[in-house]
Amino acid sequence: MNRSAMLSERAVDHVENRVENNEKKCDRDFSGNLPVDEMVGRASRVIAPLWPLRTFVAVHPWAGLEHLTFEEVAERFRDSRGLDLFPPMAMFHEALRKGELSPRKLEERFGKWLNEEAHSIPRKEAERLCCGLLWHENVPREVMNSLEMKRLAVRMKHAKTLPDRLPVRCVRTKSAILEAQGEPRFARALDRHMIKWCKLFLDEGQAAWGMPFRESGFYCTWRKLACHDPSLSRAERGRIKQTPANAEDALKQALFNLNVPRPDMERYLEEHLIALPGWAGMLLWRSQKSGQEYRLLTEYLAIRLSTEWALVAPRLPLQETGDADHDAELLPWIGAWLHWGGWTCEQWFGMSPEERFIRLDFARRFAWMVRPRLWLEAWEDTQEEKLRETISATQTNGHARRAAAQLLFCIDVRSEPFRRHLEREGPFETFGCAGFFGLPIRTRLPDGHVHAACPAIVEPRHEVREQLPSAGSQTYLWAESAKLSVARVFKKMKQGLVTSLLLPEMSGPWLGLYMLMRNAAPERVIGSIHRWRKRSAGKMKTHLTLDLESTCGDSGLPTGFSLEEKVNYVGSLLRSIGLTSAFSPLVVVCGHKSETANNPYASALDCGACGGAAGGLNARVFAELCNREEVRRALAGQGIVIPEETVFIAAEHSTTVHELRWLHVPELSPAARDAFALLQDRLRAVTRKVNLEQLAKLPGAGAAGRDPVAEAHRRAADWSEVRPEWGLAGNYAFVIGRRHLTESCNLEGRVFLHSYDWREDPDGTLLMNIAAGPVTVAQWINLQYYASTVAPHIYGSGNKATQTVTAGIGVMQGNGSDLLAGLPWQSVMASDREWFHSPLRLLVVIEAPRPYMVKLLEGNPEFRRKVSNGWLRLVSVDPVSGIWERWTPRSLGPALTLDDEAAGCAGCACD
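Just so you know, the sequence shown maps onto residues 3 to 913 in our numbering.
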């Protein structure tokens, strides 16, 4: 069966000579004008850049494919990789059982599809078959095992009555073809080699021995080292020695040596990129950060295709054949026609081959693409209807009295329960905005740590430094340096040949005691560590470099802001959330962070708008800017008058234990002091109620009799806890509008809330900015949770308990997997069999007049494309009439008119 093992040395030489001759011919004919960079750039659209763990941010896995519809992308991945981007039928039926999916909505979607779709077969036949397939994932086993089906299978073997296989429009790599033909060793060896070289090249100091020659570049380093790789055969190493010294030329040569047709080359590169999307995504991120576009990806593909050629060269040229068990592939679709379509075997064989082919292809496409799409849309319709009913039933007319304090929170779904309980506890008003508060900054901390504190789609424009006072700064820096030195020495001893034998004897008793205490009383140990760190740091108050300095920092960014920039950033945010008058004596700017232990994905629970970091520093910068007299004077000239008694303070909201920690509290006015005291008094009750609500959702955390605050702190400190919090699981909607639209609603921590008052936005610019920024970030988050739920083996990161941090940049399962790009299953599932996150595409609800919506969709082609191609759903709420209007792909015609059928619901315009 193993053909390469049976070939004689002479035959191998003959094959290699043939491959070499083909290579020379191809090089002579085509390599000179092959646009490698363009091909790699287009092929890279099938993957997404992957950020390192320390700055992990949610990424839309299919952002590069938004020019296609969601269904087209799903069909493309199904055909090429066998990957289903729709939720499984089991999940749909579970949603149906829980009442999250209405059967009425499913019937409506099915009826609409039957009426609007042009079918390749008669309507009655299609309806009979699809009615059965719609509700059942498979043909009943008793039908497939029936005597009639067995006779049909026997008859099929003796007559050529069907095509070799139903057509699938895809390009497969040579190693994948061999795997489909029963020889998986080539594909496994190729992945194993690529994982090894990517780990070595991308390592950020975790390995004791670094990769030699790394400064030469990925491809050149691989070429120098791979020809000495003992895991390759002598012949394979010899082929690698023949590769060109330049990555572009090597990629061209490999494509032609592998006999890839010119029209298929781009898709061939796509298949290789998506084979290991994590490692390829990390290389894409590195390329983009270094400003070299797709350089590293070109080198990666040159290595991967050259290695593939080195492995499979003796087997070339390959012949793609149909599946060996072709009849078994077709029988389920035939069974569906016999069972639900009402056909008999005699009628089936009485058709022409063309008629049978049309019906088989129709059944397959409905089951694979149309059925899951209808179920998903019905699920989304049900949740949209419930949100509309909730908002319509509880909508208020706004605040009747002035709030004692106003608080600005991130749009993060975890802020919603805290805001809701806080407003019910006292005279407080809350606003939602992007958690970086509109500040495109790069922060530099006293210990030298530098971080881009803005969304991944925004480039920093300023650097803000947190600086220590001159008195005592040297002592602090010396103490921090000493801590780092101890950590480095410990790491070196672990990696040393001799010291690694002594270290367990020296540190074992102390670390054993520490481990025992961490397991027995995690919250007490962590509390003691935090108190010790505070004492060692002293009570020094740092200050921020907010004023523009004459020189730029090391990053080339200006340090601080000019007066015009200060006024612009503050004014833009206040106008975008509708806070331009009626200021309370106290305004609290709240960043947010999470608190977890032993969690490689800790940054995924922090603020995505701050680049996967805590948002406290951004909150402090914004609060200090708002307190500047010169900023207030300039804002007053623009119509935003902040009273003298109003004071802005900065706080940080812990989304794990739901507490507010004060970061910057300047001198308060008498009215602000009273409001601050009232707020502090009510926060204890808020913390308790929010923890009680959130812990009830966590498996095993809502037991009666436990103090919810203490339990939340225990989970945050417990290094064995795999679910300290749910993060943003469950998110499905994004509401843009005034707070009175949702302030009385219990949205269950599943909705992003962005404050917006269309009356403060006469030209619609603020709404466009919200759609381009916060909505895009929320969509990335939503689709990462979606992908990690429906395709966890590709877009998830497996079990937290078995993850391995590798190269200091990401996680793998074991020591030989792809670099895992998504969320662990504990972040989206309540147990092995029960889903927690509902994989629904983001529903965006905007409170604005219809002309604002038309202007938004006409002025923002990217946002319109997301809606028209089904990557998110869009609804508008008229501020005067309260009517909901759904903007569908059909309604986004040249004139942006409503769908003809969009006026059926009372108080709602739905398609």
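For each residue, glycine too, the CB sits at the ideal point set by N, CA and C.
Residue interval of the beta strand (DSSP E) (run including residue i)
i    : result
S878 : R875 to V879
S409 : In the sequence on display, residue 409 carries Leu and not Ser. From DSSP, the beta strand (DSSP E) with L409 extends over A407 to C412.
L588 : L588 to K595
V173 : Per DSSP, V173 belongs to no beta strand (DSSP E) and is neither H nor E.
M814 : G812 to Q815
L318 : It is not in any beta strand (DSSP E) - L318 carries neither H nor E in the DSSP assignment.
T806 : Q805 to T808
T281 : According to the sequence shown, residue 281 is Trp rather than Thr. Taken as a continuous stretch (DSSP letters only), W281 belongs to no beta strand (DSSP E), being part of the alpha helix (DSSP H) at P279 to K291.
T309 : Not the beta strand (DSSP E): T309 falls in the alpha helix (DSSP H), residues R297 to V314.
Assumed close pair residue i, residue j - CB separation to whole angstroms, cut-off 8 Å
i    : j    : result
G800 : W837 : That pair is no contact at about 16 Å.
V869 : L876 : 5 Å
L662 : L685 : 6 Å
V314 : K176 : 5 Å
L131 : W339 : 6 Å
A60  : G610 : 6 Å
L376 : L108 : 7 Å
E129 : L116 : 6 Å
V75  : L67  : 5 Å
I848 : G729 : Not quite, the Cβ-Cβ distance comes to about 25 Å (not below 8 Å), so this is no contact.
N871 : F203 : Their Cβ separation, rounded to whole angstroms, is 36 Å, which puts N871 and F203 out of contact at 8 Å.
Cβ shell of residue i (< 6 Å), same chain only, five flanking positions each side left out
i    : result
A606 : F58
E551 : T561 and G562
V180 : It is Leu, not Val, that sits at residue 180 in the sequence shown. Closer than 6 Å at Cβ, skipping near neighbours: F188.
R725 : L700 and Q828
M855 : S878
Spatial distance of residue i from residue j (CA atoms)
i    : j    : result
A712 : F754 : 27 Å
H839 : A735 : 13 Å
E750 : G580 : 24 Å
K691 : H423 : 7 Å
G766 : E860 : 12 Å
R577 : L441 : 15 Å
L55  : I811 : 5 Å
A458 : G613 : 6 Å
A911 : L559 : Residue confidence is low: A911 scores 43 on pLDDT, short of 50, so the model does not pin down where it sits. Its coordinate-derived value is still stated next. Distance between the alpha carbons of A911 and L559: 48 Å.
E391 : E427 : 25 Å
Q824 : Y797 : Here the sequence assigns Gly to residue 824, which means Gln is not the residue at that position. Taking the straight line from one Cα to the other gives about 5 Å.
A191 : E301 : 19 Å
R717 : E695 : 15 Å
W350 : K152 : 14 Å
P105 : A789 : 25 Å
M519 : P511 : 12 Å
L821 : E864 : 30 Å
P63  : V48  : 8 Å
N748 : P419 : 8 Å
N140 : H95  : 14 Å
C133 : L87  : 23 Å
Residue i - containing alpha helix (DSSP H), residue span
i    : result
C200 : R187 to L204
C628 : G618 to N629
L845 : No alpha helix (DSSP H) contains L845, which is instead part of the beta strand (DSSP E) from L845 to E849.
R373 : R373 to T396
E465 : No alpha helix (DSSP H) holds E465; the beta strand (DSSP E) holding it covers H464 to Q469.
F94  : M91 to K100
E77  : F72 to R83
Close Cβ partners of residue i (< 7 Å) along its chain, the five nearest in sequence each way excluded
i    : result
P246 : A252 and Q255
S671 : P587, E647 and V649
V633 : K568, V569, V572 and L627
I642 : G573, L576 and T582
L680 : A406 and G428
R241 : W311, A312 and A315
F79  : L85 and L87
Any C-beta of chain B under 9 Å from that of residue i
i    : result
D759 : Protein chain content of the structure displayed is limited to a single chain, and chain B is not contained in it.
Cβ-based neighbour list, residue i, same chain, cut-off 8 Å, excluding 5 preceding and 5 following
i    : result
A780 : I413, N733, F736, F754 and L844
E425 : E431, T432 and E745
Whole runs of the alpha helix (DSSP H) within the region 633-700, excluding any shorter than 4 residues: 672-697
Ignoring anything shorter than 4 residues, give me the alpha helix (DSSP H) runs that lie fully in the region 218-251, in order along the chain. 220-228 and 236-243
Extract the residue ranges of the beta strand (DSSP E) inside the region 749-800, only unbroken runs of 3 or more that lie entirely within it. 753-757
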